[in-house]
Structure formats: C-alpha cells, structure tokens
Amino acid sequence: DGAALEGAFRKLVDIAKEEPEFPGVSFDADKQGDVRFHTMSVPMSDIEEQARQVLGETLDVALGFGPKSVYLAFGKDSLALLKKAMEQSAADASKDLPATQINVALGPVMKFAASIEASPVTEALSAALEQSSGKDYIKTVGRVTDQGMTSRIEIQEGVLGLIGQALQMLGGPPPGNP
Numbered sequence: 001d002g003a004a005l006e007g008a009f010r011k012l013v014d015i016a017k018e019e020p021e022f023p024g025v026s027f028d029a030d031k032q033g034d035v036r037f038h039t040m041s042v043p044m045s046d047i048e049e050q051a052r053q054v055l056g057e058t059l060d061v062a063l064g065f066g067p068k069s070v071y072l073a074f075g076k077d078s079l080a081l082l083k084k085a086m087e088q089s090a091a092d093a094s095k096d097l098p099a100t101q102i103n104v105a106l107g108p109v110m111k112f113a114a115s116i117e118a119s120p121v122t123e124a125l126s127a128a129l130e131q132s133s134g135k136d137y138i139k140t141v142g143r144v145t146d147q148g149m150t151s152r153i154e155i156q157e158g159v160l161g162l163i164g165q166a167l168q169m170l171g172g173p174p175p176g177n178p
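Taking the working numbering, the leading residue of the sequence shown gets 1, the next gets one more, and so forth.
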C-alpha cells in the first residue's frame, strides 16, 4: 500500500523537521506515471572520511511512492537512474524474466577497494582481475518453480583464479582442505 507508506513517511518528516540538522525533503520533486518522487540531500559531514570518499559530501536520496509500489535510490544521479530502471522494467514487462537476478563484476569493485584502502593484497587482487579479460563476474539467477524456487550461481574463471590467489596470499587453504 504505497499511499499508506507515503503517509507514514510524511508524518516521519513532519516530526524530524524539528531537528536542527534535518536536511529537509523536497516533496513531489518529480513524477513518472503514477509514482511520485520525493528527494533529499543528506550532508555526510558527520561520517568517517573513508565513507565520505565513497558517498561524497552529500548523499542524494530519492523515494518514490505508487499505488502498489515503493522505490528507493541513493547516490549520484539516483533519481535519474531509478527512473531509467523503471522505464526498462516497463519495457520488459511482457518478457519471461527471472524472479531474481544479481550480476556483480568484481574487477571494478576490487579496483575501487584498492583506491579507498591501498594495501598489497587489494592492489594484487585488483591487478589479477584486470588480467581476467572481463571474466570477473559472479551471477545468480532465481526462477520460481512449482515446488518453490531454483537458483543458479555462476562464478567466472577470473573470480575462481582470484580465490586461489587470495588463498595463496593468506598462507594457503585451511588444513585438511586441499
């Protein structure tokens, strides 16, 4: 019930606006179809420097409410990216899509980790993934069946090599596990 959740959100904002450091909310900042978006920019001055490097000086948040839906996005260009995802979802509505799907490219993740906290381990693992020729994905797909749900996990060879390299860097596999 999007309307009920939106009402609760508005009440929460009404209470929070009395706090001196509350950043405020731009209600009805945008709209797409029957979804209304509210936005806010949260200052990140009170968090650790490392987190600020990741999130920036302010964290943009977009919250959308529809009759039977709620959307949340945060980060740079969050509202634009959320709207784009909604458009793509609407375009794919007639396709037979999995119930869940997650794709993670570890190369960019490790490169980012090495840039935030440089260490010999993160730099070596990042370099190893750069050599994987784009075969650095972990993919999961979940499909609904009559008996419940089946999931498939695919770990590409660059990630498997990374696991082996990480084990070597940490002194080898645990005893008893070849």
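Note that CB positions come from ideal geometry on N, CA and C, so glycine has one too.
Going by DSSP, which residues form a beta bridge with residue i?
| i | result |
| --- | --- |
| V35 | Q32 |
| K139 | N103 and E154 |
| T145 | G148 |
Based on Cα-Cα distance, which residue from the options lies nearest to residue i?
| i | options | result |
| --- | --- | --- |
| E21 | G33, M40, Q32 and F9 | M40 |
| P43 | V35, F37, R36 and R52 | R52 |
| S26 | D96, P120, D60 and E18 | D60 |
| H38 | S45, M110, G24 and T140 | G24 |
| T180 | E87, K84, E49 and T100 | Given that the chain is displayed from residue 1 to residue 178, the structure contains no residue 180 and the question cannot be resolved. |
| I102 | G33, V13, G148 and R143 | R143 |
| L5 | L63, V109 and E19 | L63 |
Do the CB positions of residue i and residue j come within less than 9 Å of each other?
| i | j | result |
| --- | --- | --- |
| L106 | D30 | no |
| K182 | G158 | Since the displayed the chain opens at 1 and closes at 178, residue 182 lies outside it and no answer follows. |
| V35 | G66 | yes |
| G171 | S69 | no |
| S132 | G161 | yes |
| A124 | M169 | yes |
| G148 | A90 | no |
Write down the C-beta distance between residue i and residue j rounded to the nearest angstrom, noting that I regard them as a contact closer than 8 Å.
| i | j | result |
| --- | --- | --- |
| V104 | Y137 | 7 Å |
| L82 | A73 | 4 Å |
| Q165 | A128 | 5 Å |
| I116 | V54 | 7 Å |
| K76 | G56 | 7 Å |
9 Å is my cut-off, CB to CB: does residue i come that close to chain B?
| i | result |
| --- | --- |
| V104 | Here there is only one protein chain, and chain B is not present. |
task: Could you name each continuous beta strand (DSSP E) segment of 3 residues or more that falls completely within the region 12-82, going from the start of the chain to the end?
output: 26-32, 35-43, 58-66 and 69-74
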